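Numbering follows full-length UniProt numbering, with no gaps: position 162 of the sequence shown is 162.
Backbone N, C-alpha and C define an ideal beta-carbon position, used for all residues, glycine too.
Bear in mind that the values here come from a model prediction, so they are computed numbers and not experimental data.
First comes the structure, then the notes that go with it.
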Amino acid sequence: MAASRWSTFWQRTRHALQDQTRRIIKMEGADLPNRSPRLLYAFNTPMETAEAVTGCDADIGGMSSVHFTLDTSSESERIGRPTAKFHGHLSLDVRPEMRGRINSGYAGFKTPVRTTLFGKITDNVYFHDFLALRVRAAGDPILHKSYFVNVQTLDGMSHKTVWQQQLPLRRQDNDWETVYLPFANFEAFTIGEPSPYPEMIDREHLLTVGISVLGGRNHTFGPYELGVDSIWVVNKEDRIEDSPGPNTYTSPHPDVQKTP
Numbered sequence: 001m002a003a004s005r006w007s008t009f010w011q012r013t014r015h016a017l018q019d020q021t022r023r024i025i026k027m028e029g030a031d032l033p034n035r036s037p038r039l040l041y042a043f044n045t046p047m048e049t050a051e052a053v054t055g056c057d058a059d060i061g062g063m064s065s066v067h068f069t070l071d072t073s074s075e076s077e078r079i080g081r082p083t084a085k086f087h088g089h090l091s092l093d094v095r096p097e098m099r100g101r102i103n104s105g106y107a108g109f110k111t112p113v114r115t116t117l118f119g120k121i122t123d124n125v126y127f128h129d130f131l132a133l134r135v136r137a138a139g140d141p142i143l144h145k146s147y148f149v150n151v152q153t154l155d156g157m158s159h160k161t162v163w164q165q166q167l168p169l170r171r172q173d174n175d176w177e178t179v180y181l182p183f184a185n186f187e188a189f190t191i192g193e194p195s196p197y198p199e200m201i202d203r204e205h206l207l208t209v210g211i212s213v214l215g216g217r218n219h220t221f222g223p224y225e226l227g228v229d230s231i232w233v234v235n236k237e238d239r240i241e242d243s244p245g246p247n248t249y250t251s252p253h254p255d256v257q258k259t260p
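Written out as structure tokens, the structure is:
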């Protein structure tokens, strides 16, 4: 695993150097902005799934569990490729010595911070209006309204700020759906609390994207499961709404270029 991580590090460094060289040669700053759909992350291989960062209240004394694993079951076969499964059990209990000292009832994952010799890789989505996610809701339906999407930016890392928006799941039949979240609707949270200062998300420097299940906010608990295929960015004209009934529409990769 360590060898593969170093291989990925050097691959990203090489891509970053090639990208900077290409921009200088082509003087891309003068080009028209590219508004085409663009894939940010996919979770279809063991490495893509293993790179995700997970956490839950058990890290600080709670009793919840979290897993982010590759799913090759029939649910993934519906979409035509393996996908990730974000799952576990959400609990409001804490270890006896931590009662009254911590908040419980949460779990989450996020994409890795992609480092190179030149610093951290970020995604510039300034000319895209929506974050799109291909997901499948399972687990206890009582928790389906407790999923939230979290975005970190390069500047936000310095003062523990994340931009958050509820993941509005519509389907209740354990099938896949595409959710479009306007970047304009993300709200800033600092150390879990709403930011006292109005802030706009820095769409030029997206660092990580993740999903959390926050049952502690409305005192819900139980088994949770969310299938996750991919995350990409689009504009209004690129949105493809899911049709009712059995769902066969898939996210746009591998037809769109993926960020290194």
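Item                                                                                                                          : Value
Among Ser-36, Asn-34, Met-63, Phe-221, the one whose alpha carbon lies nearest that of Tyr-147                                : Phe-221
C-beta atoms of Asp-59 and Tyr-106 nearer than 8 Å                                                                            : no
Where His-219 falls, given that 16 or more other Cβ within 10 Å makes a residue buried                                        : exposed
Contact belief for Lys-160 with Thr-190 at Cβ below 8 Å, rounded distance in angstroms                                        : 6 Å
Beta-carbon gap between Val-149 and Leu-133 smaller than 8 Å                                                                  : yes
Nearest candidate by alpha-carbon position, reference Pro-82, set Met-47, Ser-65, Asp-140                                     : Met-47
Identity of the residues DSSP links to Gln-152 by a beta bridge                                                               : Thr-208
Residues near Asp-238 in its chain [Cβ-Cβ closer than 6 Å; skip 5 each side]                                                  : Pro-37
Chain-order list of residues whose beta-carbon lies under 7 Å from that of Thr-111 (same chain, five-residue window excluded) : Tyr-41, Ala-52, Thr-208, Val-209, Gly-210
Contacting residues, own chain, Cβ-Cβ under 7 Å from Leu-206 (five flanking each side not counted)                            : Thr-122, Asp-123, Val-125, Val-151, Thr-153
Straight-line gap, Phe-186 to Val-234 (C-alpha atoms, nearest Å)                                                              : 16 Å
Which of helix, strand or coil DSSP assigns to Glu-51                                                                         : coil
Cβ shell of Ile-102 (< 8 Å), same chain only, five flanking positions each side left out                                      : Asp-57, Ile-60, Gly-61, Gly-62, Val-94
Pick from Arg-35, Glu-77, Leu-90, Asn-34 that is closest to Trp-176, judged by C-alpha positions                              : Glu-77
DSSP three-state assignment for Pro-194, whether helix, strand or coil                                                        : strand
Beta-ladder partner(s) of Leu-226, from DSSP                                                                                  : Phe-86, Ala-137
Exposure of Lys-236, with buried meaning 16 or more beta-carbon neighbours within 10 Å                                        : exposed
The beta strand (DSSP E) enclosing Glu-177, as first and last residue numbers                                                 : 176-182
Integer Cβ distance of Ser-230 from Leu-39, believed to fall under 8 Å                                                        : 6 Å
Three-state secondary structure (DSSP) of Glu-187                                                                             : strand
Euclidean distance between Cα positions of Gly-80 and Pro-33                                                                  : 32 Å
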